[in-house]
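Okay, structure first, notes after.
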Amino acid sequence: MLEVTAFLCGAGVMVLELTGSRLVAPFLGTSLIVWTALIGVVMASLCAGNWMGGILADRHPHRRVLARIVLASAVSTGALAGAGNAVLSFLSGLDLNLYLASVAAALSIFALPSLLLGMVSPFVVRLALHDVGSSGGTVGRFSALSSAGSILGTFLGGFVLISLVPSGVILLLLSAVLAVLALLLHRPIWKGSLSAFLVLAGSALAAGSGGMPMAPVGVHIETPYNHISVVESNQANGRRVRIMMTDPQGAQSLMYTDDPNELVSDYTKFYDLAFHFKPDAQRVLMLGGGAYCVPRHVLAERPGVSFDVVELDPGVTETARRYFVLPEDPRLRIFHEDARAFLNRAVRDPERIGAYDSVFMDVFGSWYSIPFHLTTVEAAERMRDLLAPDGLLIVNVIASLYGSRSGVFHGIYAALESVFPRLLIFPASAPDPKYALSRQNLMIVAFRSGEMPTVPPAPEPAMLKLLDHQWLLPFEASVPAFTDAFAPVERYALMR
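Quick note, the sequence shown lines up with residues 813 to 1308 if you use this note's numbering.
Structure (structure tokens):
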């Protein structure tokens, strides 16, 4: 039974850690900062647990003590399903930067169960040791079992549970397994196990009454990559909008419920610049699908255009089909893979993919959730290589033009400038220089050719309005170009 205990508790640690990322995501996101805090706190808790468990095992080497430790881990894990919502809501309401908020959330929620699970490993080794002469083999055997359990927990949690079962239910299941394990370790502990199951029942009721999924009201969908929320609200103009959220810091996609093909977000309208600078554009590649607002709009307005969209998460696409009127259209091809992996593959096989007239990039999850590998010189080179000789790239960056919040924009601009001969900047919200220190959507239009494109002599009023946003003052990047080797996007994004 000691071997089973080492294996299951090792698995439990990794299931808890992976599920923890989904618990925190609706409140703090899934950026590198959040993951670093979560991993660091869990590892520190395991370290402390190993130390404390070893001391306790030497003083009280009894199976009943081990059973109580496992039972305590069951109770603390089960309590997360009901109490996690309140704790995370409280922390997200404090005026903390993301670093402090992430560490505080990880400490508040995951430190105790991780510490208790960390106490198990040295304890089972102590109970199994009967002969000092074979201690090496005993320690090695239990370490291997614990590691094997962690491997199983990693794949089971990441590949199976999270994509099939809500986070709260995973915690309740893990808690139940640990409570049963405690009972099997020491049968007289059944009263404590009964208390644990009462905690589980209370957590289940809290989860069913709104504690889980832990996110704003609306439709909530767990996928292997995201916690997706779909909500509705009224705009200032009185129109109803449906919103897709994959990050707590803002809406990812918006759609008017009375006219799904009309663009809501101002920045998305700037992708129409592609058809001003290249009126005969027919093939468009979009990196980042979201609710597919831009492809849906373009396909409805321009019958001669075809779209290839690269979206990492099939769950996002399914959500777009169910709630955002994503059409079944032969002109729309969807690739479910990482955008950089697609670019690498497309460049290696240009005959199969073909050249694009325009490439649109809209991959920011929020102003601080940035896939760095799409911001670099190397990524820009691959996008350039997929363009027709007179093609263009349009990139959405959430940052400010100048000041402490501008580092991400400057690094991306410098990367594009090293690859493309001509760039234009269009601040989507406020083109006035007095707003240059404000964070907003900044649209970069990068031309593969250095020659000025032939444009319509009399643009329509809507297009003139977009063109009026062009930044006409001289601009020079003050941050080195991001590269695959060094792209500190999180550090720049979190500057205030």
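The beta carbon of each residue, even a glycine, is placed where N, CA and C say it ideally should be.
Exposed or buried, residue i, counting other C-beta atoms within 10 Å across all chains shown (16 or more means buried)?
i	result
G841	buried
K1081	buried
M777	No answer is possible for residue 777: it lies beyond the span of the chain, which begins at 813 and ends at 1308.
T1069	exposed
P925	buried
G777	Here the chain has residues from 813 to 1308 only, and residue 777 is not among them.
T1129	buried
F971	exposed
H872	exposed
T1266	exposed
F1232	buried
N1038	buried
A886	buried
F1184	buried
V1253	In the sequence as displayed, the identity of residue 1253 is Asn instead of Val. Buried.
F1310	With the chain covering 813 to 1308 only, the question about residue 1310 has no answer from this structure.
K1090	buried
P978	buried
M1264	exposed
Measuring alpha carbon to alpha carbon, tell me which of the options ends up nearest residue i.
i	options	result
Q1094	S958, A1200, V1053	A1200
D1296	V1189, L984, A988	V1189
L1284	P1269, F1259, P1239	P1239
A1153	M1173, G1177, L1186	L1186
I845	A916, I867, G949, I881	A916
R1157	P1139, M1195, R1114	M1195
L1204	D1169, A1048, L1099, I982	D1169
L1278	S920, I1237, E1193, A1192	I1237
D1197	I974, I1165, T950	I1165
G861	R876, L906, P934, A940	P934
G824	F1294, V1220, G965, G1127	G965
I1206	R1260, E815, L997	R1260
R1114	L910, Y1104, D1084	D1084
L968	L830, R880, A1112	L830
Does the distance from the CB of residue i to the CB of residue j come in under 8 Å?
i	j	result
G865	G930	yes
G980	C821	no
V899	T817	no
V1291	I1256	no
V1122	E1149	yes
H1088	M1275	yes
S958	F1119	no
S1241	D1078	yes
A1132	L1124	no
S1212	A1258	no
L858	V836	no
A893	L983	yes
M1098	D1174	yes
I1182	V1053	no
S1065	G1102	yes
L903	A913	yes
So what does residue i bridge to, in DSSP terms?
i	result
M1098	V1121, F1172
V1031	V1042
S1065	M1056
N1253	I1210
L1236	V1257
R1145	D1120
L1075	M1067
L1204	S1170, F1259
L1199	Y1168
Would you say residue i reaches chain C, if we count a Cβ-Cβ gap shorter than 8 Å as a contact?
i	result
P1265	Among the protein chains of the structure shown there is no chain C, as only one such chain exists.
Sequence ranges, alpha helix (DSSP H) only - wholly within the stretch 871-926, length at least 4: 875-905
Alpha helix (DSSP H) runs wholly inside the stretch 943-967, at least 4 long, in chain order: 947-967
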